[in-house]
DNA sequence: AAATGATGTGGCAACGATGCCACATTGCTG
DNA sequence: CAGCAATGTGGCATCGTTGCCACATCATTT
């Protein structure tokens with residue numbers, strides 16, 4: 001009854017194509033995949049029929065049968081932060097070129113969401129995972145599941161997994177040196193965390209710079225803040241309203257820099273006359289404001305594509321030596337830094 | 001030989017769990033899913049064993065068997081543009097809450113990549129798709145494949161698919177009215193396209209405002225530009241360097257506004273004294289520069305979550321009436337607009 | 001003429017999870 | 001005590017695709 005010629009409401013399967021082309025499933029599969037022997041005429045006919053029926057192979061079934069998948073998981077901390085958005089865009093571009101589909105998850109910096117996402121990745125049997133990790137557990141977990149993983153931006157696994165990072169310590173030291181060489185002696189550091197390698201290295205670079213310059217670090221100038229603009233802004237207002245205001249402020253990332261910038265505006269301070277400001281991590285607005293913000297430019301897109309390259313390498317050679325790729329970062333001097341006013 | 005107790009290198013399957021727990025696959029499945037009868041003691045034992053083996057159900061196999069999937073496809077034009085990043089973040093949040101995995105693809109505004117991505121979505125048998133469409137084909141294609149789709153930000157399908165958009169025409173008219181009411185008569189419009197509903201409606205709103213104010217539109221003030229900052233910047237430099245410079249510039253989106261802003265800087269023009277600038281679409285930098293940029297604030301996060309809500313509704317009731325959700329947009333007056341100088 | 005290789009085709013058993021069905025074993029009720 | 005519902009359990013086919021294998025049919029070689 002409804003067996004023959006029923007205009008199919010279900011999506012077409014390879015069986016439908018086979019029936020319509022009058023050949024077996026096996027032949028159809030060979031015709032469509034291009035593997036194995038098929039007569040040229042048959043191949044063309046099958047392909048035409050497939051096209052006609054709007055046949056799209058069931059990726060799940062295929063990946064189940066082939067025991068491998070063409071998707072990779074990407075886990076970032078905050079898509080709305082241009083750093084992560086650029087990073088994801090860098091991965092996306094390359095992934096597509098290599099025929100991979102990207103599953104992007106934003107864990108909002110939450111360790112629990114991060115682990116949940118990792119479980120989902122395992123469930124989908126992704127070919128590999130790129131993560132800007134929030135906790136050490138995720139790498140442990142994924143490695144135990146034998147899923148290739150690349151830690152990006154920061155690393156927790158301490159050599160157990162591949163990693164792609166920026167040379168935070170060096171860039172941070174140079175940025176700090178820049179301020180010191182302008183004559184600054186009271187340089188505050190706004191930083192949101194020092195437990196990840198990013199924060200720890202940026203902190204270390206800053207300290208190293210002070211030490212090498214013979215400056216005693218002032219603990220009251222070390223300002224720990226939360227990871228959002230509002231918190232940084234409030235902390236920066238407090239800092240800049242002090243009687244013994246620092247002559248320069250080093251912000252450990254673009255979000256904190258935004259807070260500092262807004263705080264300077266709130267207090268009516270002139271940059272760089274009243275205070276110099278620098279940022280670790282460039283952002284579009286930093287070259288649009290007046291004066292421009294002196295910053296360390298991390299190429300997040302390049303970071304993403306380097307992470308993808310490493311992941312594809314790892315997928316290719318699962319047992320190869322673990323690698324940590326370190327990228328350089330440039331300092332972009334702009335107008336927000338100048339010699340401090342004489343007291 | 002290697003049949004028994006081999007420490008499995010492969011990932012554990014339900015079969016492994018069943019064997020280890022000493023029950024059948026069926027019972028194991030029931031124990032893990034919670035559907036159907038299982039003795040409480042058995043359930044606990046099976047769950048413990050599963051945990052122990054690090055068992056994670058094969059999502060592909062499950063979705064193949066159940067003939068339904070828990071992932072949705074999201075297709076945006078440019079992840080690096082904060083508008084799309086916010087939009088995606090808005091979707092991501094809700095998707096997770098509803099147990100869906102988001103497959104995010106950046107088609108870079110390219111129609112061919114868009115169609116490719118759509119095919120990949122069909123291949124993965126996603127439950128639905130949210131797209132900021134680049135061409136009309138994608139909706140046609142997905143609808144023919146019986147995949148629920150929501151067009152966001154702009155719509156091509158003309159009522160054939162659900163849509164979630166901002167009231168571009170009204171917001172654009174108001175923004176233009178704002179300039180007119182300040183006394184501007186020569187208002188240039190920088191716009192990158194007028195074929196999508198976004199561009200067409202913003203253009204229409206601008207024209208409508210001029211008409212209603214009895215101003216004759218000047219074709220030389222209608223500047224078509226490309227969709228990137230560099231192009232907009234060059235075009236804006238040309239525009240603002242004219243002898244008969246417009247007294248105000250209306251940028252049709254945040255990217256063009258960035259170009260105009262930089263162009264004003266290039267020419268050493270003071271905003272708003274020499275020229276007023278407004279932007280359709282707010283961005284973080286617009287409240288950080290001096291003066292702030294008067295802009296229409298589209299809530300991209302809300303747009304994303306509205307699109308998700310509509311999609312889930314459609315998945316729930318596939319045959320329900322097609323809906324177009326229209327969101328309002330606010331004008332944020334800042335310092336970049338003022339009355340024109342007397343000539 | 002028989003043997004060999006190249007070219008083509010179809011049957012069928014997986015991949016892992018699920019849910020229907022048949023079959024036990026209880027504890028009740030009439 | 002037959003009859004029956006409630007509670008448990010296992011067997012097995014199925015989802016769509018793939019690739020191995022067996023089996024044709026031909027042309028070419030010994």
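Protein chains in written order, with the numbering used here: chain W, 1 to 343; chain H, 1 to 343.
Just so you know, even glycine gets a beta-carbon here, dropped at the ideal spot from N, CA and C.
Bear in mind that the values here come from a model prediction, so they are computed numbers and not experimental data.
Locate the alpha helix (DSSP H) running through residue 17 of chain H, then write down its first and last residues. 14-21
May I have the straight-line CA-CA distance separating residue 281 of chain H from residue 153 of chain H, to the nearest angstrom? 12 Å
Do the stretch 156-167 of chain W and the stretch 217-224 of chain W meet, that is, are 3 or more Cβ pairs less than 8 Å apart? no
Exposure of residue 310 of chain W, with buried meaning 16 or more beta-carbon neighbours within 10 Å: buried
Contacting residues, own chain, Cβ-Cβ under 7 Å from residue 106 of chain W (five flanking each side not counted): 76, 78, 79
Span of the beta strand (DSSP E), counted from its first residue to its last, around residue 123 of chain W: That residue, residue 123 of chain W, is in no beta strand (DSSP E); its alpha helix (DSSP H) goes 111-123.
Taking 8 Å as the threshold (C-beta atoms), are residue 118 of chain H and residue 142 of chain H in contact? yes
Could you work out which residue in H/262, H/27, H/46 is closest to residue 289 of chain H when comparing CA atoms only? Nearest option by C-alpha distance: H/262.
Give the single residue among W/230, W/316, W/30, W/260 whose Cα lies nearest to the Cα of residue 277 of chain W. W/260
In three-state DSSP terms, what is residue 224 of chain W? Of the three classes helix, strand and coil, the one that applies to residue 224 of chain W here is strand, per DSSP.
Buried or exposed: where does residue 71 of chain H fall if 16 or more other Cβ atoms within 10 Å of its Cβ makes it buried? buried
If you run the structure through DSSP and keep just helix, strand and coil, what is residue 334 of chain W? coil
Within 8 Å (strictly less), CB to CB, does residue 234 of chain H reach chain W? no
8 Å is my cut-off, CB to CB: does residue 192 of chain H come that close to chain W? no
Please report the straight-line C-alpha distance between residue 322 of chain H and residue 312 of chain H, rounded to a whole angstrom. 13 Å
Neighbour list for residue 123 of chain H in chain W, Cβ cutoff strictly below 8 Å: 56, 57, 58, 59
Residues near residue 121 of chain W in its chain [Cβ-Cβ closer than 6 Å; skip 5 each side]: 73, 129
Going by beta carbon distance, what residues of the same chain come within less than 7 Å of residue 183 of chain H, once the five residues before and after it are set aside? 339, 340
On the three-state DSSP scale, how would you describe residue 69 of chain W? coil
Could you tell me if residue 132 of chain H is buried or exposed, where buried requires 16 or more neighbouring beta carbons within 10 angstroms of its beta carbon? Buried: at least 16 other Cβ atoms inside 10 Å.
Report all residues from its chain with a CB closer than 7 Å to the CB of residue 326 of chain H; omit the five preceding and five following residues, and keep chain order. 165, 167
Does the beta carbon of residue 119 of chain W sit closer than 8 Å to a beta carbon anywhere in chain H? yes
Residue span of the beta strand (DSSP E) that contains residue 207 of chain W, given as start and end: First-last for residue 207 of chain W: 197-212, but that is the alpha helix (DSSP H), not the beta strand (DSSP E).
Cβ of residue 106 of chain W less than 8 Å from any chain H Cβ? yes
Proximity winner among H/10, H/274, H/190, H/331, relative to residue 171 of chain H (alpha-carbon distances): H/331
CB contact below 8 Å: residue 258 of chain H versus chain W: yes
What residues in the stretch 144-158 of chain H have a beta carbon less than 8 Å from any beta carbon of chain W? 144, 145, 146
Are there 16 or more other CB atoms within 10 angstroms of the CB of residue 55 of chain H, so buried, or fewer, so exposed? So residue 55 of chain H ends up on the buried side.
Tell me the rounded alpha-carbon separation between residue 110 of chain H and residue 134 of chain H. 7 Å
Could you check where the alpha helix (DSSP H) with residue 137 of chain W kicks off and where it finishes? Its alpha helix (DSSP H) spans residues 137-144.
Could you tell me whether any Cβ in chain W is nearer than 8 Å to the Cβ of residue 318 of chain H? So no, residue 318 of chain H is outside the interface.
Within the same chain, show all residues whose beta-carbon is closer than 8 Å to that of residue 305 of chain W, passing over the 5 residues directly before and after it, in chain order. 90, 91, 93, 94
Which residues in chain W have a C-beta closer than 9 Å to the C-beta of residue 291 of chain H? List them in chain order. Going along chain W, no residue has its Cβ under 9 Å from residue 291 of chain H, so there is no contact; the nearest lies around 10 Å.
Mind listing which residues of the stretch 75-86 of chain W have their C-beta closer than 9 Å to chain H's C-betas, in chain order? Cβ proximity to chain H below 9 Å picks out 78, 79, 80, 81, 82, 84, 85, 86 from the stretch 75-86 of chain W.
Rounded to whole angstroms, what is the Cα-Cα separation between residue 192 of chain H and residue 35 of chain W? 46 Å
Can you tell me whether DSSP reads residue 255 of chain W as helix, strand or coil? helix
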